[in-house]
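Chains as they are written, first to last, in the numbering used here: chain A, 1 to 201; chain B, 202 to 297; chain C, 298 to 713.
Don't be surprised by glycine CBs; every beta carbon is placed ideally from N, CA and C.
The structure presented is a predicted model; accordingly, all values stated were derived computationally and were not measured.
Notes follow once the structure below has been shown.
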Ligand SMILES: Cc1cc2nc3c(=O)[nH]c(=O)nc-3n(C[C@H](O)[C@H](O)[C@H](O)COP(=O)(O)OP(=O)(O)OC[C@H]3O[C@@H](n4cnc5c(N)ncnc54)[C@H](O)[C@@H]3O)c2cc1C
Ligand SMILES: [Zn+2]
């Protein structure tokens, strides 16, 4: 059974051979990157005006779906707004049977959920210069005045389509990308982050 | 680089978008009754104006929605953008 | 008008080059012409020249809203080749290439046509197959073409990064040795001077603002310098084709896009050929002045602004540096844009129109410079005889109705 095997992700080899770059070994680098390849992702499509749909999601996830563009709601899981009828539900870890339960929940509605867990990986960035690094690669204004906790934006970072989720106070950001682009983006971060000092775990 | 106002996400850089050409070209309701010339007109002929142009954009690296825009093809300045299926605002609604 | 010669060069040098006669007149427009050509780019001037030379038309004007050659002619990156895939296109471009080979002699004007070869790179197995197919098709049409393997490419183009393990590996290339580059301004000026010598009136600062018709027939044009009557009107205005078509109530399958190009600071000779890549989207050659001449793909949106977006430039530079890593330190000197008239099948329209006596030549998009002589030659025939020559019969506007498109996206891909 695959559930009993150790789960691996595509950036493991990358973290194994990447030391801290651009700052002395003893000092804490200005950017820290950890890879989280073991989350669950559900792509959700439905009509936000349809109470049957929104109630079903709420009763399952324990939170309302965000209806404001480019925001997220966060409790046991994170629900990111992707479009006027589309969301990404992210659970912090895998739980056998959860997705099946979720889709059964939606059976009686016109909505759909698709398990896209194998498509995504998360690069968690923290540190003083984390936003400066992201700003180097994308065209968005990431200043506090326009990007705050609870915001999530889809954009291009160094050409890679990505979602940047601002989920916690302090300089913590999650960059959700397709697995096939993840290594490229990590390499880009290694280069682009060198001027600030960057370390990968 | 153009600054484009996605009707869902707000102002974003052009590099997040794909261009979709002239807007409002209706698919013929009864294709089998069309003459060859009418087909050619539908498939290929374009207004291509020098001046205000109503066109389609897709927010590809964002919310991935298609929407309509009106833009001047000489100054490249947008005058308005609006969601598919809705009417454009009567005044300029883009501040770029 | 004096014939240019080595002796003339010497004589004028002695008078400090201050006594050169003007190369063409600037006459006042007459009230009426037999043929009015709208657009004083290379194509328009060539059309007038061949109308006078090949068809004996006496009374011709070329009307140009700005200055001759100030449109795409003076903005393009001058790649000349004829290695198109389909027979119709290949023969038209090959006619043009043959005219290029004698053009300096014919015009008594040095157009600096340099047959330094044109390479089109393959970056994937599919590219290799497509290129081999095109090479074979070219040879069947009597057009010189060869496939060059990576080992040979390394020797021929030392600066090119030919590795199998890069992001876009170079797996081979087509080479047309007779392809090359020419001097863009000289083409406009050479045709202008030669046309003027045959009596063509070249009228600059004269914008056409209306096309006069009567009973389904053209009778003249309105211009910023007054109305001008004409029996026939040939429109060859590149990016403005739709604007002129609109004046005559005709719809065209054309969309106008910005197309950008750049040159670097001058370098010593480093690249003695032309390298193009559809895969990474860029192409490069070195001018006689030493500047690297670099071109891009079109900007995606319709635009008449003669400028494009910065990310397009960035993309092109990335492509060039991918191919020639050594150029990463070269500084760019100038950047500009033209307005190209793209057509759904990446092929031109040289055609009669529903209005009798009105002819359109457009849709050359990103790759019409190479066609300047052939386009003018075929358009002149179409206007003079009121029917297409067999070389341009397939390029009629009717093909969009009949469905007989000539899909050259493969060979025109990144274009040029
Ligand atoms: C950046 C760039 C790079 C290119 N690179 C290549 C290349 O490497 N190889 C290649 O083969 N092709 C290339 N091309 C394409 C090529 O330049 C064109 O296809 C070709 O020059 C078109 O020729 P033309 O003489 O018809 O156009 P133009 O030189 O644009 O002439 C049209 C003229 O019409 C005039 N006009 C417009 N409206 C009116 C009016 N109402 N009244 C009077 N006059 C009017 C304009 O002012 C203009 O001078 C490139 C184009 C660009 C922009
Ligand atoms: Zn959007």
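The C-beta of residue 282 (chain B) has 16 or more other C-beta atoms within 10 Å across all chains shown, which makes the residue buried. Taken in chain order, the whole alpha helix (DSSP H) runs of length 4 or more contained in the stretch 321-393 of chain C are 339-352. For residue 266 (chain B), the Cβ falls inside the 7 Å cut-off from some heavy atom of ligand 2. Residue environment analysis places residue 102 (chain A) among the buried positions, since at least 16 neighbouring C-beta atoms fall within 10 angstroms of its C-beta. Beyond the five residues adjoining it in sequence on each side, residue 58 (chain A) comes within less than 7 Å, by CB distance, of 64 in the same chain, given in chain order. Proximity of the stretch 247-258 of chain B to the stretch 181-198 of chain A falls short of the contact definition, fewer than three beta-carbon pairs being nearer than 8 Å. Counting along the chain, residue 487 (chain C) sits inside no beta strand (DSSP E); it lies in the alpha helix (DSSP H) bounded by residues 481-494.
Per DSSP, the continuous alpha helix (DSSP H) segment holding residue 188 (chain A) begins and ends at 179-193.
Going by beta carbons, residue 335 (chain C) and residue 572 (chain C) fall outside the 8 Å limit. Taking the C-beta atoms as reference points, residue 134 (chain A) is found no nearer than 8 Å to residue 33 (chain A). Annotation: the continuous beta strand (DSSP E) that includes residue 36 (chain A) extends over 31-36. For residue 608 (chain C), the neighbours in chain B by C-beta distance under 9 Å run, in chain order, 202, 214, 215 and 216. Residue 216 (chain B) is a Cβ neighbour of residue 156 (chain A), given a cutoff of 8 Å. Under the 8 Å criterion on CB atoms, residue 251 (chain B) is classed as interfacial with respect to chain C.
Proximity of the beta carbon of residue 655 (chain C) to ligand 1 is not indicated: no heavy atom of the ligand is located closer than 7 Å.
In the three-state reduction of the DSSP assignment, residue 635 (chain C) falls in the strand class. In the three-state DSSP reduction, residue 148 (chain A) falls in the coil class, being neither helix nor strand.
Counted as a single uninterrupted DSSP element, the beta strand (DSSP E) harbouring residue 563 (chain C) occupies residues 552-563. Residue contact check for residue 413 (chain C) against chain B: no CB pair falls below 8 Å. In this structure, residue 587 (chain C) and residue 563 (chain C) form a Cβ contact; the two beta carbons are roughly 3 Å apart against a cut-off of 8 Å. Take residue 362 (chain C), set aside five residues on each side of it, and the residues of its chain with a beta-carbon closer than 6 Å to its own are 504, in chain order. Looking from the CA of residue 352 (chain C), the closest CA among C:637, C:470, C:412 and C:686 belongs to C:686. Of the other Cβ atoms in all chains shown, 16 or more fall within 10 Å of the Cβ of residue 377 (chain C); this residue is therefore buried.
Of all residues in the stretch 260-276 of chain B, only 260, 261, 262, 263, 264, 265 and 266 come within less than 9 Å of chain A when Cβ atoms are compared, listed by chain position. Taking 7 Å as the Cβ-Cβ cut-off, the stretch 62-85 of chain A approaches chain B at 69, 70, 82, 83 and 84, given in chain order. Judged by beta-carbon spacing, residue 478 (chain C) lies within the 8 Å limit of residue 411 (chain C), meaning their Cβ atoms are closer than that value.
Fewer than three pairs of CB atoms, one per stretch, sit closer than 8 Å, so the stretch 441-448 of chain C makes no contact with the stretch 597-610 of chain C. For residue 608 (chain C), the uninterrupted alpha helix (DSSP H) run begins and ends at 607-620, by DSSP.
Following the DSSP letters along the chain, one finds residue 523 (chain C) inside the beta strand (DSSP E) bounded by residues 523-532. Listed by position along chain C, the residues whose Cβ is nearer than 7 Å to that of residue 220 (chain B) are 597 and 598. Relative to ligand 1, the beta carbon of residue 557 (chain C) is positioned inside 7 Å of a heavy atom. CA-CA distance, residue 326 (chain C) to residue 379 (chain C), rounds to 37 Å. Straight-line spacing of the CA atoms in residue 293 (chain B) and residue 270 (chain B) works out to 11 Å.
Residue 284 (chain B): member of the beta strand (DSSP E) spanning 279-284, first to last residue. Less than 8 Å separates the beta-carbon of residue 109 (chain A) from that of residue 56 (chain A). Taking the Cα positions, residue 359 (chain C) is about 19 Å away from residue 661 (chain C).
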